[in-house]
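Engineer: Quick one: the structure is below, questions incoming.
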């Protein structure tokens, strides 16, 4: 009698017994060897009974008892007859594919904020740089504050090995937007400053209205950059 593959989710008996392991482990090198042994023994039996399968008699015999199973049988271990494979080791992650992260502290004040507020101004993972929120708080007018925020973004990106050309996503949070009309008016002013720093290959941009910011600034921005992407940007138009 031949049995098909057993669905692990449908097994009702404990999986730690020798019988359960023999059923649930039909894979691996030892399992493949046992399946080849069974097929060849059946073919040889058919050949001895007058079967036309002439190739089975001369087939290579790799069905000898393995040394671990032989030792276990000499010790009197009943599970040795099943030639159970050794337990599999659990592999965590993919060897050689680790992606270490680098926390970027571009200045002494950023290092102090990192220790005080437990946040990183920027984190680089591979070629991707994630920049935390930068408040537009330096300067007198709205435009001066906006330019200060974008200059700070450029400094953080430079410390991370990127530039403004490598920015692929930009998010701004605005506190002065009480309604759609005032939001549009502020956004029109910010677009003019934005054009001074992003002159081609514009990044994705999401503007969000909010009630307050921790810094008290009129707006705050965060960004995601991919190092080197700015040199390969192309615009696909309809």
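In the numbering used here, the protein residues as written are 861 to 1098.
Using N, Cα and C, we set each Cβ at its ideal position, and we do this for glycine too.
1) Out of curiosity, what's the CA-to-CA distance linking residue 1076 and residue 962?
2) Mapping DSSP to helix, strand and coil, what is residue 1089?
3) Would you report the Cα separation of residue 973 and residue 1040, rounded to the nearest angstrom?
4) Using DSSP's beta-bridge definition, name the partner residues of residue 1069.
5) By a C-beta neighbour count over all protein chains shown, 10 Å radius and 16 as the cutoff for buried, is residue 1032 buried or exposed?
6) By how many angstroms is the C-alpha of residue 1054 removed from the C-alpha of residue 1036?
7) Nearest-angstrom Cα distance between residue 1007 and residue 1057?
8) So, does the segment 996 to 1012 touch the segment 1063 to 1079, judging by three or more C-beta pairs under 8 Å?
9) Near residue 966, which residues of its chain fall below 7 Å by C-beta distance, leaving aside the five closest residues on each side in sequence?
10) In or out: residue 1009 buried (at least 16 other Cβ within 10 Å) or exposed?
11) Closest to residue 1030 by C-alpha separation, out of 1045, 1096, 1051 and 1005, would be which residue?
12) Is it buried or exposed, residue 960, if we count other Cβ atoms within 10 angstroms and call 16 or more buried?
13) What's the gap between the Cα of residue 978 and the Cα of residue 1004?
14) So, with DSSP's three-state summary, where would you put residue 1062?
15) Taking Cβ positions, are residue 1086 and residue 1028 nearer each other than 9 Å?
16) Determine the DSSP secondary structure at residue 1077, reduced to helix, strand or coil.
17) Do you know whose CA, among 1034, 984, 993 and 1090, lies nearest residue 1070's CA?
18) Determine the direct distance from the alpha carbon of residue 1081 to that of residue 1042, and round the result to whole angstroms.
19) Which residues in the same chain as residue 1026 place their Cβ atom closer than 8 Å to its Cβ, once the five residues preceding and following it in sequence are excluded?
20) Going by CA-CA distance only, name the one from 1045, 1093, 1021 and 1038 that's closest to residue 991.
21) Please report the distance separating the alpha-carbon of residue 1093 from that of residue 1061.
Structural biologist: This is what the structure gives:
1) 29 Å
2) helix
3) 34 Å
4) DSSP, once it has assigned bridges, lists 1034 as partnering residue 1069.
5) Taking every protein chain shown into account, the CB of residue 1032 has 16 or more other CB atoms within 10 angstroms, so this residue is buried.
6) 18 Å
7) 9 Å
8) yes
9) 981, 1015, 1016 and 1019
10) buried
11) 1051
12) exposed
13) 29 Å
14) Of the three classes helix, strand and coil, the one that applies to residue 1062 here is coil, per DSSP.
15) yes
16) coil
17) 1034
18) 19 Å
19) 989, 1017, 1085, 1086, 1087, 1088, 1089 and 1090
20) 1021
21) C-alpha separation (whole angstroms): 6 Å.
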